[in-house]
Amino acid sequence: MARKKRATKSTVKHGACSKSKVSHIEKMRLAKKALVEKPEIGESCEAEMEHVYEGVEHDLHAEVEEIIAQPASASASKLNCYRQSFPVVDEEDQLVFRHRNWCLMEIGQLNQLLSDLKCPTCDASVEVTLGEKSGLSRKMKLRCTTDGCNYSAENHTSPRLYNGTRVCQAFDVNHRSVLYSVQTGGGFAALDTFCAIFGMPNMFENAYQRLHKTVCTASVQTCELTLANCRSIVRDNNQEMNPGYVHDENTPEPEDCWDIDDGVPWADVAFDGTWQRRGYVSHYGVGLVVEMLTGYVLDFHVMSTYCLACKIKEKEGLPQDEWDAWMEGHRKNCQQNHHASAKAMERDAALKLWTESVERTGLRYRTMLSDGDSTAFRAVEESAPYGERRKVTKLECVNHVHKRMGTTLRKQAQENRLGGRGQGRLTAEKCRRLQDYYRGAILSNVDKTEDNMRNAIWGTWFHCTSTDEAPRHNRCPAGHGAFTRGRWPRVSSQGLMRTT
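Count the sequence shown with the UniProt record's numbering and you get residues 1 to 500, in order.
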């Protein structure tokens, strides 16, 4: 309830600070309305709207600066990353992106919309026809329906993209469609199917491949730039919050070498792996390292057991000497960088990310939050990437522990038929309750000792198997009220479970 009150109070404060913006927004609405109803006063309306935009922007900047200036805790200081210099888009480009909206429209609907418009030359009706195409972009021509009238206007269905020197490049819609095919993994075939369903001509495959290289190069550059900024923010924040000290020969070394300041800060991270397909049969997998406090991705590593160029070359049946000569030149561009099973991708990715963290990110990963059944931590622990004095600590994800407990209970109930078939047997509902109790016992003892957590976990089991004839509440909290309120339902006199 206290948290809810604080949120309400914060909302009220934000509303009070935003009163000045209400008048600006109202002016903006009226200016837009006047611009539509009376086009002849468009210039004055646009000037008014520009003034309103500046006022709203000024108020927003002032409010953000006021919030940032407030004193914050150590954790809040780490989260205050908005002062960092992320790359921003130029004002001119922002203006273009702000007013660029996309939609799918059938050309007949557009002609129906324009049916009431008149030709400025002969006062006849006008229509839109489609001309030459450039990929998914088409040239639209607005012309008069009268044969003797020469009035016409034309434009493309997509704007063009420009580089830094304002040299005209390909159409925006073509880049976006190629990016869509890359993001979904469908490639040219998926884009071809999409166009076929809508009855639109697709771009040629050669043009697609050229744009594919451009989009992939731009994506890699953007990824590297974003990763560099994220790493810089995490390094600066961790260096500021955990400065450590410089060790000298006259000072005894601390027990925890993580406190020694050698110019390389540490970070608490989460690690997980994913595959293109489920079932450990995928050719591709990726491991990611995410800083736990900010949620920024610090690094990733892609694993592949497949190379298309190698497969194509194998079909040619080259002699061994020619194959070795070709492979020597191809090895630096070979896409296959993993020669073990798909299940081992997560482990190998973790090893590479931890052993090369200092060179790649300028950070040491002090902790690993990952799946409890993952072999990645065991491999990192055995490799000792930072030496024997700097050991990586494993953090368990409570949700994964909760899931594994339920999986194990249901497996035991199915294979061993615990409790027989009568009352007191281990049913699916009881498995769900037991795994929820298990999770609740862990969460309620996070800030306590390991013995307290262990007793609380076993207390849930003994409480569920307790009966009036054989009470087993010695591990329950005082009065075991914690098990009979809220999430912990009261147990009947016969107990929730049979132990035999």
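All C-beta atoms, glycine included, are put in the ideal place defined by N, C-alpha and C.
Outcome for residue i when other beta-carbon atoms lying within 10 angstroms are tallied against a minimum of 16
i	result
D116	exposed
D272	buried
S357	buried
F204	exposed
Y162	exposed
A267	buried
P201	exposed
S219	exposed
A170	buried
A189	exposed
V22	Here the model assigns V22 a pLDDT of 41, short of 50, so the residue's position is not dependable, and the following value carries that caveat. Exposed.
T341	Here the sequence assigns Ser to residue 341, which means Thr is not the residue at that position. So S341 ends up on the exposed side.
S383	exposed
L60	Only weak support exists for where L60 lies, its pLDDT of 41 falling under 50; the value from the coordinates is given anyway. L60 is exposed by the Cβ-count criterion.
L104	exposed
A376	buried
V88	Note that V88 scores a pLDDT of 43, beneath 50, so its modelled location is shaky; the value from the coordinates is reported in the next line. Flag for V88 reads exposed.
P265	buried
H339	exposed
N416	exposed
N474	exposed
L191	buried
Y280	exposed
A470	exposed
M241	exposed
L434	buried
V289	buried
R231	buried
E224	exposed
N238	buried
Reference residue i; option with closest CA among the options
i	options	result
G440	T427, G459 and A428	G459
G186	A170, H212, E291 and G285	H212
A153	D147, R160 and R143	R143
H352	M241, K133, R366 and G287	The sequence given here has Lys at residue 352, not His. That would be G287, whose Cα lies nearest to the Cα of K352.
C195	V182, Q209, N206 and S177	S177
T145	T274, C122, N155 and P471	C122
R331	K118, P319, E450 and C310	C310
A228	G108, T274, C334 and R360	R360
P477	R454, H156 and N237	R454
R160	K315, L136 and H301	L136
G131	R378, T157 and W354	T157
N155	H301, K139 and C149	K139
C216	N206, S181 and T193	S181
I442	V401, I197 and N474	V401
L174	F198, T393, T214 and Y365	As written in the sequence, residue 174 is Asn, which differs from the Leu given in the question. Selected option, being the one with the closest Cα: T214.
A124	C149, G295 and R433	C149
V398	S370, T375, Q412 and A413	S370
D172	R425, S134 and Y151	S134
D436	N416, L409, T449 and D451	L409
P120	G108, N101, Y151 and R231	Y151
Q336	K141, V380, S282 and K315	S282
Q414	L426, K403 and R433	L426
T184	E381, D468, T226 and Q276	Q276
R404	C431, L395 and E381	C431
Identified DSSP bridge partners for residue i
i	result
D348	Answer by DSSP bridge pairing: none, since D348 is not bridged.
L288	D272 and F300
M140	L130 and N155
M368	V269 and K394
K118	S125
Contact belief for residue i with residue j at Cβ below 8 Å, rounded distance in angstroms
i	j	result
S444	A456	7 Å
L114	E127	7 Å
L363	L298	7 Å
V392	T367	7 Å
V269	Y365	5 Å
Y296	I233	7 Å
A350	A379	6 Å
K141	T129	5 Å
Check: residue i C-beta below 6 Å from any heavy atom of the ligand GDP
i	result
N455	Questions concerning the ligand GDP fall outside what the structure shown contains, since it holds no ligand whatsoever.
(message) Check whether the segment 335-347 and the segment 297-305 are in contact - that is, three or more C-beta pairs closer than 8 Å.
(response) yes
(request) Could you tell me whether the segment 382-398 touches the segment 321-331, where touching means 3 or more Cβ pairs closer than 8 Å? (result) no
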